[in-house]
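Okay, so the sequence shown: first residue is 1 according to full-length UniProt numbering, each after it adds one.
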Amino acid sequence: MSKRGMLIVLSGPSGVGKGTVRKAIFEQDDNKFHYSISMTTRAMRKGEVDGKDYYFVSKAEFENEIENGGMLEYAQYVDNYYGTPLKYVNEMLDQGKDVFLEIEVNGAMQVREKCPDGLFIFLTPPDLMELRHRISGRGTDDLATIDKRMAKAVDEIEMMQNYDYAVVNDEVASAVEKVKTIIRAERWRVKRFLPDYKKQLGDVLK
Ligand code: 5GP
Numbered sequence: 001m002s003k004r005g006m007l008i009v010l011s012g013p014s015g016v017g018k019g020t021v022r023k024a025i026f027e028q029d030d031n032k033f034h035y036s037i038s039m040t041t042r043a044m045r046k047g048e049v050d051g052k053d054y055y056f057v058s059k060a061e062f063e064n065e066i067e068n069g070g071m072l073e074y075a076q077y078v079d080n081y082y083g084t085p086l087k088y089v090n091e092m093l094d095q096g097k098d099v100f101l102e103i104e105v106n107g108a109m110q111v112r113e114k115c116p117d118g119l120f121i122f123l124t125p126p127d128l129m130e131l132r133h134r135i136s137g138r139g140t141d142d143l144a145t146i147d148k149r150m151a152k153a154v155d156e157i158e159m160m161q162n163y164d165y166a167v168v169n170d171e172v173a174s175a176v177e178k179v180k181t182i183i184r185a186e187r188w189r190v191k192r193f194l195p196d197y198k199k200q201l202g203d204v205l206k
């Protein structure tokens, strides 16, 4: 049986640029991670592809999946469900492949409960002005909504303490490198390395 893969969770406050960093990692030629495509009830945006960006489903279909225990985690975000289908994650990890999730903070905390062996990385904004700029830069929100999103983002930043590593998203290329460095180092963490090493030595270690 091959060694179980590593579950990598990239999370952080809304508007911080998780999606941009994740996409940049997956666009690199040497990428070996397997992206877990999320399921959502939100409407498809222009340019998005069903089964690539998300699995776009109805509310009833999503709730059915929850009922059947098909979700590793899920959360409601701006009136829509978002969640990680369990089957793909389990299959990939069982095959020794590393799975990458890019999810919001409530979902990440559910994964932490279920998979304490995962690697939890928190992407955080360089400062709040920058975050406000990004949130308002989306163009459609009025001032009250922007204020609400900002207050929520500040609450979410407080959740950093539940993660293993923090990466400041000051520049995408630099954030990508930091995330990759963390993952590289994590492989050599003793708790991950030792079980295999013991086998390699022929079980002479206790
Ligand atoms: P968007 O609608 O902009 O694609 O995503 C909204 C938020 O949902 C982002 O913060 C994104 O990271 C998060 N998200 C995407 N997929 C999942 C998922 O499977 N589970 C959870 N909990 N959040 C997700």
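We put the CB at the ideal spot given by N, CA and C, even for glycine.
Residues of its chain near P126, where Cβ-Cβ distance is below 6 Å and the 5 sequence neighbours each way are ignored
The count along the sequence shown starts at 1 and reaches residue 126 at position 126. Result list for P126: V168 and D170, in chain order.
Outcome for A144 when other beta-carbon atoms lying within 10 angstroms are tallied against a minimum of 16
As a first step, residue 144 must be located in the sequence shown, where it is residue number 144. Per the 10 Å Cβ criterion, exposed.
Simplified DSSP state of D53, which is helix, strand or coil:
Here residue 53 refers to the residue found at position 53 of the sequence shown. Three-state result, D53: coil.
Within 9 Å, strictly: CB atoms of S11 and E102:
Residue 11 sits at position 11 when you count from the first residue of the sequence shown. Residue 102 sits at position 102 when you count from the first residue of the sequence shown. Going by C-beta atoms, S11 is nearer than 9 Å to E102.
Considering only the beta carbon of each residue, do L123 and V190 sit closer than 9 Å?
Here the question's residue 123 lines up with position 123 in the sequence shown. Here the question's residue 190 lines up with position 190 in the sequence shown. No, they are not a contact pair.
May I have the straight-line CA-CA distance separating R42 from G19, to the nearest angstrom?
Your numbering for residue 42 matches position 42 in the sequence shown. Your numbering for residue 19 matches position 19 in the sequence shown. Rounded to whole angstroms, R42 to G19 spans 16 Å at the Cα level.
When you measure from the CB of T124 to every non-hydrogen atom of the ligand 5GP, does any distance come out below 8 Å?
By one-based count along the sequence shown, residue 124 stands at place 124. Because no heavy atom of the ligand 5GP lies under 8 Å away, the Cβ of T124 does not count as near it: no.
Beta-carbon spacing of F56, M44 below 9 Å
If you number the sequence shown from 1, residue 56 lands on position 56. If you number the sequence shown from 1, residue 44 lands on position 44. Yes. Within cutoff.
Around the C-beta of K178, are 16 or more other C-beta atoms found within 10 angstroms, so that it is buried, or is it exposed?
In the sequence shown, counting from the first residue as 1, residue 178 sits at position 178. Under this definition K178 is a buried residue.
Element boundaries [beta strand (DSSP E), containing N80]
Against the sequence shown, residue 80 aligns to sequence position 80. First-last of the beta strand (DSSP E) with N80: N80 to P85.
Take Y74 as the anchor and find which of N68, A151, E91 and M39 has the nearest alpha-carbon.
Looking up residue 74 in the sequence shown gives position 74. Of the candidates N68, A151, E91 and M39, the one whose C-alpha sits nearest the C-alpha of Y74 is M39.
Could you give the distance in angstroms between the alpha-carbon of V154 and the alpha-carbon of F120?
Position 154 of the sequence shown, counted from the first residue, corresponds to residue 154. Position 120 of the sequence shown, counted from the first residue, corresponds to residue 120. Between V154 and F120, the C-alpha separation is close to 19 Å.
Assuming residue 215 is part of the beta strand (DSSP E), what are its boundary residues?
In this structure the chain extends from 1 to 206, so residue 215 is not present and cannot be described.
With hydrogens ignored, establish whether the beta-carbon of V179 is closer than 8 Å to any heavy atom of the ligand 5GP.
Translated into positions along the sequence shown, residue 179 becomes position 179. Not so, every heavy atom of the ligand 5GP lies at least 8 Å from the Cβ.
Step through the CB atoms of chain D and report whether any lies within less than 9 Å of the CB of A75.
Of the protein chains in the structure, only one exists, and it is not chain D.
Taking 8 Å as the line, does the beta carbon of L128 fall inside it for any heavy atom of the ligand 5GP?
Residue 128 sits at position 128 when you count from the first residue of the sequence shown. L128 Cβ: outside cutoff for every heavy atom of the ligand 5GP.
Note down, in chain order, each residue of its chain lying with its Cβ closer than 8 Å to the Cβ of V89, except the 5 sequence neighbours on either side.
Sequence index remark: in the sequence shown, residue 89 carries index 89 (1-based). Closer than 8 Å at the Cβ level, and outside the excluded window around V89, lie L7, S36, L72, V99 and L101.
C-alpha gap between Q161 and V105, whole angstroms:
The residue given as residue 161 occupies position 161 in the sequence shown. The residue given as residue 105 occupies position 105 in the sequence shown. Distance between the alpha carbons of Q161 and V105 is about 12 Å.
By Cβ distance below 6 Å, which residues in the same chain neighbour E156 in space, the five residues on each side in sequence not counted?
The count along the sequence shown starts at 1 and reaches residue 156 at position 156. Excluding positions up to five away in sequence, the list reads P13 and V105.
When burial is assigned at 16 or more other CB atoms within 10 Å of the CB, is L131 buried or exposed?
For the purposes of this step, residue 131 is identified with residue 131 of the sequence shown, where counting begins at 1. By the neighbour-count rule (16 or more Cβ atoms within 10 Å), L131 is buried.
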